[in-house]
Structures are given as structure tokens and as C-alpha cells.
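A short worksheet on the structure shown next.
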Amino acid sequence: MRRLLTVFVFCISSFLFVSSCDLTEYNPGGITSETVYTTPEGFESLVNAAYSYSRWWYGKEEGWAAGEMGTDLWTSGAGDENPNFTRYESLQPNANVVGVFWEQFYSAINLCNAGINRIGESGMSEELQTTRLAELRFLRAFYYWHIVEMWGGVHFTTDETEGIQVNANKSSVETFYNQIFEDLDFAVNNLPVTTSDIGRVTKPAAEAFLARMYLTRGMDQEAFNMADKVINDYSFGLVENYDDLWEMDNLRNEEVIWVVNYSEDLALNDQEDDILFPEGHGRGGHNGHLHFFMTYDQVSGMDRDIENGRPFNRYMPTQFLLDLYQDDIDSRYDGSFKSVWYSNAPSEVEGMAEGDTAIYATKYEVSEEFREDAVYTIYDRSDIYESDGSIVQRTKYPSLDKFADPTRPSISEMRSSRDAFVIRLAEMYLIAAEAQFNRGNNTEAANYINVIRERAAKPGNEAAMRVTAADIDLDFILDERARELAGEQLRWFDLKRTGTLLERTREYNPEAGANIQDHHVLRPIPQSQIDAVQNKDEFTQNAGYQ
Amino acid sequence: MVVRKIATIGCFLFGVLMVAMTPHQVLGQTVTGEVIDAQSQETLPGVNIIVKGTSIGTSSDAEGGFSLKVPSLSDTLVFTFIGYQRLEVPLQGQSSLDVSLTPETIAGDEVVVIGYGAVQKSDLTGSVSSISAEEVTKVPTTNVAEALQGKVSGMDITRGSGEAGSGVNITVRGNRSLTASNSPLVIVDGIQYGGGLEDINPADIESIEVLKDASSTAIYGSRGANGVILISTKKAEAQGTQVSIESYAGISKTLDYPDFNTGPEYVTQKREANRVSGDWSGPEDDPNIFTSSELENIENNVWTNFRDLLFQTGIQQSHQINVSRGTENNSMYLSVNYFDEKGILEMDQLKRYTARLNVDQQVGEALTVGMNSQITYYDRDRRRDPTNIANKINPLTRAYDENGDLIVRPHSGRDISPLADTQPNAYENNTLTTKIFPTLYAELDFAENLSLRTNISATLSNSRQGIYRDSETIDRNGTAPEAVYNSSNSRNITFENILSYEGDWDQHSLALTGVTSYQFNKNDLGSALGQNQLLASQLYYGLLNATEGIAVESGYEESSLMSYAGRANYSFKDRYLLTLTGRFDGSSKLSEENRWAFFPSAAAAWRISEEDFIGDDSIVSNLKLRASYGVSGNDAISPYSTQSALRRIPFSYGEDSAPGFTFSPTLGNPNLEWEISKTANLGLDVGLLNDRVTATIDVYDTRTSNLLLDRFLPLSSGVSSVTQNVGKTRNRGIEFALETTNILKDDFSWTSNLTFFSNKEEIVELVSDGDDIGNGWFIGEPTSVFYDYEKTGIWQQDEADAAASFGQEPGEIKVRDQNGDGEITASDDRVILGSPRPKWSGGIENSINYKGFDLSVYVYARIGQMMDYEYYDNYKPGGVENGANVDYWTPDNPTNAFPRPNAALSQDNYQYYSTLSYESGSFVKIRNATLGYTLPPSLMESMPVRNIRLYVTGKNLYTFAKVDNYDPERGGALSFPMTRLFVTGINIDF
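Residue numbers (the UniProt record's numbering), protein chains in the order written: chain A, 1 to 546; chain B, 1 to 990.
Pasting the structure below:
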């Protein structure tokens, strides 16, 4: 008996002896860059991921806040969550929007750098390597453009981050643009002309973006050449009817040069999800249908429905924007804004039938007689704006409906499958025109602008829409850009490029204009970045922010 | 590496040592006698009797008699029996002797369970609190920890919420870690329990010990850094078979809930908000701001208080039978329990079934084997919190239509009813969990005073969670129905060997304990998700029938810990006590180089009352001074924190899935090492008047360094954080416990019990040379604080000019310009307003026994903490949604409480809105009151029943707090409010 027990004790002690060696971590579920990025399939996943960061800006609320708001065109609806961008109300380094983009764009840069430097180990064919490298270099240029325009000369690197990095550098704006042009040259020379993968960048897309970059840097001849090349060398064309550009069944139209893709299969999009994408965006998909609509559902005769959308009431147009359109001849007013809502709950209003007008929101004054005769609710110019353009109320107004999506499966669904148009052909005409204007060729500029305006003309008004060299000045070009591109996440860049951000915002947007300061041409660097860097003396906040 | 080598060699020698032991046996004279209980004078069967220094022994028979052959009549016999004090009797030539054993429960000589052993309370050198079975079951609780609230000085315990089966927040002596866990270690019957305290049936608990200072916890090394809760479950008592039945049942109700606007109040506020925005100047403008159906409801005074429709009366019940049997060579305890808590919201229910079997079997003379096993099965239904919808929905609607059916989408489809989830087949969130906790042990007394115990224990846990949310539920709110199926399977295995030696010579006594321990934890996870399935009735059982959004994920996690520990307890003349402990720990979660660490501690105690200068007739019956210092560690971070991983991003080109893999935002840190806490503790135990008054006071100072910290990195590097050993914290505190027997007569007694605990928690050093505002960490402040502008009131009309200088208007929130520079900036004008950590907490309990009646009332206080009160955050100034019924500013009501409503602004556009919600969270509550009656023994004589006790208990009877209608123990949140519970119960012992 005793002996058996001692043997037993010896055995368990020996077991312990053996097991003492085993404190290594077994992690079959985890994967590392060494195992994934060294196979062709794995490297493809890196490229896919590099594209995905563009979804944080295009089609997202934060993207509108940073790309359109705080300009001459927009002000806050009652639901605005970023008045610090829309109206420069206390724009501080802790602003959510700057935090989101700083994190996502630098993550994207790090990944692009990793891919560009590691592509040799990918095991891909030479040919495919060249294409993917060109895509990654395009994306790096694309993300660096957002970074340098938002924050100016901040952290720049072409190396992948290795280990704990607690310092950041301040590089000049020139450093950024030198790299942007170098990367885009490579992309333009090595990308294929077309792709069957919707959302992948192509040679004309890289050229179109390069045209935008040339224009931004004042390289007008190059900008014109590049824009003109995109217009002439490929099969892009303007969609005949401006309104049709925005139809959900016409997303893959001939005018589109490059999109950020969103899928109808919502699981392929970017919404935060415990299983699919824990670090995803809070809403996912294209959200433009949410932000611009007024609260029509609080008006008698209207219930919230899929057709009319889920109104977040974030942003409303300035009076200036609405007044830019000559809507009797220009189809882009009706093509961009919704003014009439048709009743879907007529029982709430005596004398109203299904499909009758329930709400009319207009930039014009409406007479008392007209008002008295109407069964429906009217919001006219003075119901919305004071004479100086400041705001009477923020819940009822003509609403941008370019991004409406009546194909969503339910009223509440926030994820639209609408692709976000990043570059479309109309912009190339506007770039060409602006470049020509900058070079003193107003006639040429008018010619390019007239292409856009003729397309926009209501039938029979083409001649009335045409302009001449005498009409062309910078304000006109910017006004035309507003009419054509309102809401397309470009306005802030346009005003910044033309040096008119402060002046036009002050002149045309009483609210943002009252608050905008010289330093607002750059965004504040997130406080978390300032707090986290160790070289605090070197890496300092942008001027004007605390 | 060297450490590991030494440990391995030590372990090997340990094995060799075992083999070297050789048995011996010599026979001589026979001794006979009888063993009785010193108090009841009844005979005791099954008492172990051993000849000291040998392995010769027997146990008493059914009548308490024994007969034993001893080598010599000059030997000493050792009598041991569970629940009784050990007794040594020198034979001194007698061959016949009668022995009486004293039960262990006599005050002052309690046996206290410590890590890997037990000691007389008088021999303790560390800071340990004990709670008896009676205390544990006095208040009906789901989670044992609730029974400890305020009873253990040094522990801060709050219930998470009023949800059925809600968790409990526990910290021992404050928070040391900023990122790693601060939860104490739970040991059940000597083995680390891998589940939660809520798995343990309170009625099975014999005693709970809480180890607080570093010396007491040192034997647990790294695992003890946050304190250790030792739970001993019940064993058979001495006499034969016992059967007990314990049942209670009762009802729970919400404590009052703070007021939200009624229909008319909502209308008034909305009009005011629109007056300010220029949309309303009189009732004739109502059509501009209300829909026609709302107007109709206003006219007919139709509105709904949805919250009243949500809450129901909860039911809580527990039923338990236990059987225990002790015989000569074995003891057995068997219990089954059914616990059912039905929450105050429909579909919020926890059912728990537990069974426990504890068996100890004497095999031969020197070997005892046994198994403590527990099975816990949960069936839990959870409800998505509906109160936030109920609180914000526009009240101007009916809840039910004319047929009595719920209006799922009131306000013409704009809103979802807070009651939507209760519709048939709309919502289910059910978790089934099975936890099995078997502990096997073998204990061999193989030489004089030397024993070896081997424990093998497992915590096996399986659970599955199924969620189905139909389209018209709060979560889905009109989007596609969704079903989720989550499963997990975890194995937590512990294997330990404990070698113990006890020796006495002259006035010295020495106890040595050596421990080797290996444990691992492995966990498999699976999740699946699908949307828009064909039939709602399939719930989460047919995910492949989902037509979209099908997603699956599986995962695995493991960690292991290996340890070698030793402890020496030395005492001289029963009054000078010394404990030395050391433990090597190796953790798989840390870097290979820094995996092993040594955690030493030392403690000394002086029993002054044993000294001659304190005479036997002194009023001082006990006086002991204790001091300890020790080091412990913490590795409570996620496994794999040393590795850099990739993460997946869903992506597509067109409709073609093209998932991406990118760098995880958390960087792996290959250099992670132990977080180290060094604690000094000074304690004094006092007993006066024959221990009618006892008091314990402890002061301590814990300095934690090498904090395992999730450190934010500059995001320009493309990664956002890394777990790193940086920073220091310090916790200092004082604990005090006083127990007095105020009156002690034959049929009347009154005892009082008071505890007090105060802890100062502060951050001493951070990686960012100074404060880390981003993380909310400030040097010299607790690890969690409220940092914001300081609201001083509302700008009044006569202050219009001053307001304008800050760009504000009357009616807006006024905050303090801290640096007086005439502008309010984030960098200069935000200050630390308070902390959720209490300044002190304590409790006082009075118990009165009169004849068969017993009454106890317990009052608990937690003072000095601040809370972020969600109710104030629910003031909806825009008037679009309904909100809290607060005192808001208007020109006619110049209050300083809440700003002026304005329909043109959303809540987010109100400047300094967040400053509204900071509020004192201090409270004093009548935690429980119990009245019981034990039937007189005379009634029992004719029945096969030994004892019957009937009782009624009320829990959370009344709370005193600064805010009305709210229990701040909830911490500020509005969901699942705390409940008040009344139960009646009966205990029967056969």
C-alpha cells in the first residue's frame, strides 16, 4: 500500500516536472503579417484593406462635416452633431471628426507603406505586382492628400511602423505633395485602363485625381492637360439628365470615374458588428440619405416611410446656395433638392388625399392668399431664413436629395448600398475650366463650363444657360462648382484651393461666417495625438488651436 | 530562466523525496476509551485518533468508543475531528481514557482558513476577515458577494443593477490597476474557481474568508494581488445523518423611479422650446409644432406613461434540501438548490439549479481521499433595456388600440413602442450555461507531522446564447430580423501538490507548507449570425435559413500559470508569531524573458495579551499587534498581448466579397512583465471583557508599479494602443471592525457589529510625464474621475452682458472660468469634479435575540462618491423627444438648475451639456432587516424535527440620498433600477 502511494506521488511530481516546460502561448486563431502578406491571396487582402479606409470619409457623416461643412453652402439642421465643423462653434482638438480621420487615414498610410515595401515578398506574378503596387501608391497619395489638406505639414513617412513609436514628425506640405506626385506618376503609368472590380482604381481615375492635384498646386497647364485627356481619351460621358445621375438603378453610369463601393449585401459593408467588423463604423454603408433631409415626418399629412427616408436633419442649405440656382432654366435645383412631399397619411389633414402635396418648402416668398388656399403646409423663404440669410428654424427646408435611397429594405435601415462618387466627369470639365481661367483663357474656360451647363439646362433652355468669357471669374467658377457638386464632399477643398474659404464663408454663410477664423484653413490635430507624442516640443498643435 | 531552472529542479527533488519516505510500524499496549462533545456531552463517532509521531491510528465507533494498540503507554494520542479543535492527550501510563472535544466555533479560538491551510485565529499574522454561514444566508442574494457588502472592512461591493442575475462589482482595498483586472481571486475549498461567485449556492457555504494584506495573499502569488476570497463549503457535522430544508420566496419591486414628463408637462416644455426658437407664440401655433393626431390627444388629454406599463412585481424564490452524513470513515454532504429570480421587467428571468456533493473518505490509516463537486446550470432570459425608449418616447399617444392590442409603432410609424419586445415571437435572448466544478484530492499523512495533499480540479463551463430579434423590436427598429447563436466551451484545470509539516518542540512551533501548482485555462468560442430568416418561429435554430447577412466566427484562447510556493509559520511561546512566504509564478501571458517572478512576504505578530504583564484578570482578553510587508503581482491582461495580430475588414468590389486584413490597432508588446504591488500592513486586534468587545483595525499602504497599462500611442503611427508596463499607483487606507455584545442574558441578547473602511486611491506616475487627459488619468487622483467644466448655474437675465462676453445668452449653462482669462477653453477650464470612488463606506448591524425571536437590522453607507446621473442627461431641451421632468430656466423661472429649452438646438448643440449630470452618489440605506422565530425545542420533542425557524426579510428597505426616487448604488444609470425585496422563509432541520 505504502509503496503504491509513493509511486503515485512520484508520478504526479514527474507530471509536474514535464508540464513545467509548457508556458508557451498557443494561438491558432490569430494571424500575423508574416504569415498572411507573404502569399498572393494574403497580399490581395492587404490591398483590399487599403481601399476600405476610404469608406470612413466617402458616404459618411464625418466626411460631410469635414468636406462640405463650414463653407458658403451649408449650415446646421436641428440634428447637427458637428456644429464645430458646420458653424465653427468651438472647433477644438477633441473634435470627434478629426479624431476619426486622423486614426483611419494614418492606419491606411501605415498599411499602404507596408504593402508598398513588402510587395516583393508577396509571391505574386511580376505583372500583378506592378498593378497592385500602382493601386497602393495611388491610395497612399489619395490618403496623404486628405491629411495634408486637413492638417497641413504633419507627420509624414513612407516606412511601415515597427515597434512602439512615440514620436511624430512635422514635414512640409511640399514633402507631402512631392510624394503624392511621385506616387501618382507611378500609378498613371502602371494602372490598367479598365477593371471589372468596381471600386478599384484605374489609369483614368489616377489621371483624374492627378488633374485635381495639379490644380491644387497651381500647375494649371498640367491640370488642364490631364483633365482634357480624361475627357477625350476614354469613353466617359455626361449623363444626359442631371437628375438621373442619382438614381439608385443608374449608379454604374458613364459619368463616374471612380467610386468608393458599397454593396447591396450589407454584410460586405463596413458597419461595426461584433462578429463581422468589431472596429467598423457605427452606421456603415452610404449614409447621405440620412443627413440632409428635413423632418417631414413631423408635419401633418406625412408619416415616415422608405420613399421619403429617415430624416436626421443634420444639415440644411444656406440661402446663398439655394439662390445660386436659376431653377427656371437649370434642372440642377430640382435635381439636387426636394421641395415637395406628397402625402402618405392624408387622414391627418382635412381635405387632403393620398398623393396630394403635403409639404411645400421653397426658397421663394409665398403670398398670404396662396397660403390660405393651400391645404398643405408651406415653409417659404421667410419661414426659413431671415433677410440676411441667418436661420429662422432648422427643421423644415428644401432638402438635398441627391443621396436618397428608396431601395433600402426598411424605413430605419441606415446602410444604403449607394456607391459614393469620388470623381465624376463633370469635375474634369470644371478643372479644365478653372485651369484655363487661371491661365487667362476665359473663352476656353467658358467652353468647358458650357458643356456642364448645357447638360444641366432644362429642355429648350440650353442657350439661356450658356455663358461667355465675360461671365467667367473665380466667383462664377466656384458658384458653378456649387451648383454642380453641392454635397459631394469637395466644397471645403475647393474653397481652400482657391483661397476663398474665409472670404466666401463670411460673405455667404452668416452663421459659420461669424465664427470662422484665419486658422480654420487647417483642422486641429487631435488632442489624443498631441497627448501621446513624446516629442511634444517638436510636434505641436496647429496654430490657433489650444 | 534561472528561476525556472531552480523551480524545475526543486520540483524534481520533491518527487525524489516522496520515494525516499519509508513506512514503519511497531505494536505494543492497547488503550480504550470514549470521545464526547465537550458542550453537549453527546458521544462522537468517527473521531480520528492517531498516536503522535506515528501513523498508527483508528477512529471512534458509533457510540464514540475506541480501542487502539499503541507502541508504548508513554505515547501521546492526537484526536482530530472535523468541526472540533484538535486535542493531544499524553497517555502517561493510562490504558483507558475518556476525552471531550471542543467545537471550533468558540470565539477567539476559531479556525480560520488561509491559503493552503488553516490556522487558529489567534495565530494569524495577516489581515483576514471571516464571515460565517449564518451571515451569508441572512439576506436572500443571487450572488454571495452581496452578502458581504459592508460586512468586510476593506471591500467595496455594489450590485451591478436590478436585472435578474445581475453581477456584483467587488474591489478589495481600492483599484491598483488602470487596465488589468482589479477583481479578487476566488478560491473554493482550496482551489481557484474558474467561474463567478454567482455560481455558488449561498446555502452551501460554511464560511468565507477574505485575505487582504500581502502576507496573507502571498501564498497565491500573482493571483492574490487583488485580494483573495476563500470559500469553504459545508461538510457533514458530527452526529449521524442530518437533513435540512431551506426555502424562501418573496416579491421584488422597483424602488421609485425618477420622474419623466407627463403628457401635459411635455406639451408645456415643447411649446416653450418652440417659443424660444420662434416657432410658437401661442396655442394658435400648436399646429406648427404638433401633428394633428397629437393635437387631438392633447385636446382629449390622452397620453401614456410607458414606464408604468413596463415594470411588474418580481418574484424571487429559493428552495434547498441538503443531506449530510458522517460516519467512522467518511463524511458526505449533498445538496440541491433551485433559485428563481424573476425581474421587474417581463422576460427578465434567471433560473439557477445547483447540486453539490462533498465526500471525504478515510482509506486505511494514513490516506484520505475526497471530492467536492458542484454543478450549476443556468437558464437565463434577458431583456433589452426598454426604459430608455420609454423615457424618450413622445407621450402623446395611446399604448394600446381600441382592441387592446399593443400599438407597436406609435406616432404613425415614427417610433417603436418600448413594449414591442414583449410581443409574441418578437424577442428572445436566452443563455443556457452549465458549469461543473469537480475537485478531487488525496491526502497522505505519511510521516510524523508530514502530509502531502494533491488536488486536481476542473472548472468546465459550457454555454450557449441564442438571440432572436424580430424586425419590430427595439434593437432592430424596423430593419431585418436577426438571429445570433453564440457558444463557448471553457476548461480551467488546476493541479496542485501541497506538502505540509507541523512540528512543536519546547515553546516553539513550526508549520511549513510547500506548494506546486499548474493551471491552465482554454476557451473555445463560436458565433453565428443571420438576418431575414424565413420563419420567425425558428428563432435562432435555423440560421442557414437566413436570407442575408450570414456570418460566422470561431475563436480560441488559452493561458497558463505555473507556480512554486513555500510558507513557514513559526511561533514562540504562543505569542511571538512569524510568517514567511515566497512564491514563484510563471505566466504564459507575459514575455518569455519576464515570465517568471518571485513574490516574497513576511509578517510578524505579537500577542501582547499573553504576556505576563497583562494579568488573567485584566479587562484585556486579547491584544495582538500585527505587521506585514509583501510583494504580489498581476498578470490579469488578455492572452496574446505580446503578439501583433491582423484583423479582418469586410470589403467588396461591386457585389464580390473581397475581405481585407490589416494591422490590429493594438500593437503586441513582446516585453510585457509583471505588474508589482508592494503592501505594508499594520493591524491591531483587541478583545475586551472576555471578548465581549472585539475590535480589529488595519492600516495599509499599497504601492503598485510596472502598471500593465493600455497606453495610447500617437495614432500617426497607424496603431492606437499597446499594453505596456508603465506608471504607478498607490492605495492607502484604514479598516476598522468592532463587534460588541451589549446584552447577554439567558433569553435575551443584543449584539452590534460595525465596520468602517476608507481608501485613498491615487495615480502616482504615468507614462505621459504629467496628466493623461485623453485617458482621464491624473497624477494624485483616483484611477477614475469626472473631468469637465464646472457648472455654476444658468446665465440670468441681469447677467446678459457677462454672458455675452463668453458668447452666451441668458438661459444657457454657466461654467466657471477657472483661470479667469475671460474665455472658456478645454485646456484651461476643465477641472476634476469628483470621482466614483467613495471616501468611505461602512455598515452597522444590530442583532437582538429574545427567547425564540431574532431580529437584525443592517444599515450600510457609501459616502463621498460622485456619479454621472443619466437622469439629468435625459433632459431633452429640444422638446422633440420626451425627457426628464426637471426645473428648466425660462424668463419667468430664473432657476440655476437646467438651461432654457430651445427647439432649434439638439442636445448635442447645448454648450456644456455634460456638466448637468454630475451628482453626489452618496447614500445610506437600510440594507436589510430580518425578523425570525425559532420554535421552542419543547414542541419538537414529539416530532422527528430538530429545529424550525421562520423568518421574514426585507432588503433595500430605504435609501437616503441626495437625489429623489433613485438608488445611487446603481451608479447613475437608469436601466434596470435597483429593487426592494421582501421574502418569507422557513428552515427545517431533521
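Every residue gets a Cβ at the ideal spot worked out from N, C-alpha and C, and that includes glycine.
Closest option to A:Ala95, judged by alpha-carbon separation, among A:Gln104, A:Asn84, A:Phe105: A:Asn84. At a Cβ-Cβ threshold of 8 Å, B:Ser652 and B:Ala658 count as neighbours. Of all residues in the segment 688 to 719 of chain B, those with a C-beta nearer than 9 Å to a C-beta of chain A are Arg711, Phe712, Leu713, Pro714, Leu715, Ser716, Ser717, Gly718, Val719, reading in chain order.
Along the segment 706 to 731 of chain B, the beta strand (DSSP E) occurs as fully enclosed runs of 3 or more residues at 708 to 712, 721 to 725, listed in sequence order.
Pairwise C-beta distances place the segment 103 to 111 of chain A in contact with the segment 715 to 734 of chain B, as three or more of them are shorter than 8 Å.
Between the C-alpha atoms of A:Leu276 and B:Ala645 there is a straight-line separation of about 16 Å. Around the Cβ of B:Tyr400, a 10 Å sphere holds fewer than 16 other Cβ atoms; the residue is exposed. Taking 8 Å as the threshold, the shortest C-beta distance from A:Ile198 to chain B falls below it. Separation of A:Phe236 and A:Thr202 (C-alpha to C-alpha, rounded to the nearest whole angstrom) is 13 Å. Using a CB distance below 9 Å, the part of the segment 533 to 556 of chain B facing chain A consists of Glu548, Gly549, Ile550, Ala551, Val552, Glu553, Ser554, Gly555, Tyr556, ordered along the chain. Taking 8 Å as the upper bound for CB-CB distance, B:Ser914 and B:Asp788 are in contact here, some 6 Å apart.
Under DSSP, the beta-bridge partners assigned to A:His286 are A:Ser416. Within its own chain, the residues whose Cβ lies closer than 6 Å to the Cβ of B:Asn329, once the five positions on either side in sequence are excluded, are Gln362, listed in chain order.
The criterion of a C-beta distance shorter than 8 Å is not satisfied by A:Ser339 and A:Ala456.
Contact annotation for B:Ser292 against chain A: Ser300, Glu348, Val349 [CB-CB distance below 7 Å, chain order].
Chain-ordered, the chain B residues with CB closer than 7 Å to the CB of A:Arg394 read Ala904. Excluding sequence positions up to five before and after B:Leu534, its CB lies within less than 6 Å of the CB of Asn545, all in the same chain and listed in chain order.
In this structure, B:Ser537 lies away from B:Thr439, with their beta-carbon atoms at least 8 Å apart. B:Thr934 is a Cβ neighbour of B:Arg949, given a cutoff of 8 Å.
In the displayed model, A:Lys402 falls within coil according to three-state DSSP, outside both helix and strand. Distance from the CA of B:Gly195 to the CA of B:Ser461, rounded to the nearest whole angstrom, comes to 8 Å.
Where B:Asp98 is concerned, the enclosing beta strand (DSSP E) starts and stops at 96 to 101. In this structure, B:Asn497 lies away from B:Thr459, with their beta-carbon atoms at least 8 Å apart. Under the 8 Å criterion on CB atoms, A:Trp102 is classed as interfacial with respect to chain B. From the beta-carbon of B:Gly478, the residues of chain A found nearer than 7 Å are Ser410, Ile411, Ser412. For B:Thr662, the closest Cβ of chain A is nearer than 8 Å.
Contact annotation: A:Phe186 and A:Ala223 have beta-carbon atoms that are not nearer than 8 Å.
In this structure, A:Ala420 places its C-beta atom within 8 Å of the C-beta atom of A:Tyr58. Of all residues in the segment 239 to 268 of chain B, none comes within less than 7 Å of chain A when Cβ atoms are compared. Between B:Gly530 and A:Ser412, the gap from beta carbon to beta carbon reaches 8 Å or more.
Under DSSP, the beta-bridge partners assigned to B:Gly503 are B:Leu510. Under the DSSP assignment, A:Gln221 falls in the alpha helix (DSSP H) whose first and last residues are 220 to 233.
For A:Tyr51, the residues of chain B that pass the 9 Å Cβ criterion are Phe651, Tyr653, Ala658, Gly660, in the order they occur in the chain. By the Cβ-count criterion, A:Gln179 is buried, with 16 or more other Cβ atoms from all chains shown falling within 10 Å of its own Cβ. Here DSSP, grouped into helix, strand and coil, assigns A:Thr71 to coil. Secondary structure of B:Pro424 (DSSP, three-state): coil.
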